[in-house]
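Residue numbers (the numbering used here): 202 to 275.
Worksheet: one structure, shown below.
Shown next, in the form of C-alpha cells:
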C-alpha cells in the first residue's frame with residue numbers, strides 16, 4: 202500500500218488501485234462526487250460515518266495537488 206497523503210492510500214488490491222481514504226473502500230472520487238453533487242461535508246459525514254472531517258479535507262487537498270502541475274508551453 203502506498204500513502205500519498207496523510208490520509209490517502211493506494212492499494213493495487215483494493216478498488217482497482219484507485220486512491221482511497223485510510224485504507225477503507227471509500228474512494229477519493231466518491232467523496233469528491235458527493236461534494237460536486239451539493240452535499241455539505243456534514244451531510245457526507247452522516248452518509249459515511251467512518252469518515253472524519255480531515256478525510257474530506259485530505260480529498261480536496263489530494264485533488265488540488267493532482268491538478269497543480271506546471272505546464273510548459275512550446
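Ideal Cβ positions, reconstructed from N, Cα and C, are used throughout, including at glycine.
In this structure, the straight-line span from the alpha carbon of residue 248 to that of residue 275 is close to 46 Å.
Straight through space, the alpha carbons of residue 267 and residue 211 are spaced by roughly 14 Å.
Cβ neighbours of residue 259 within its own chain (closer than 6 Å, five residues either side excluded): 206, 208 and 209.
The C-beta distance from residue 235 to residue 245 rounds to 5 Å, short enough to fall under 8 Å. With 16 or more neighbouring CB atoms inside 10 Å of its own CB, residue 256 falls in the buried class.
Note that the C-beta distance between residue 228 and residue 219 is below 7 Å.
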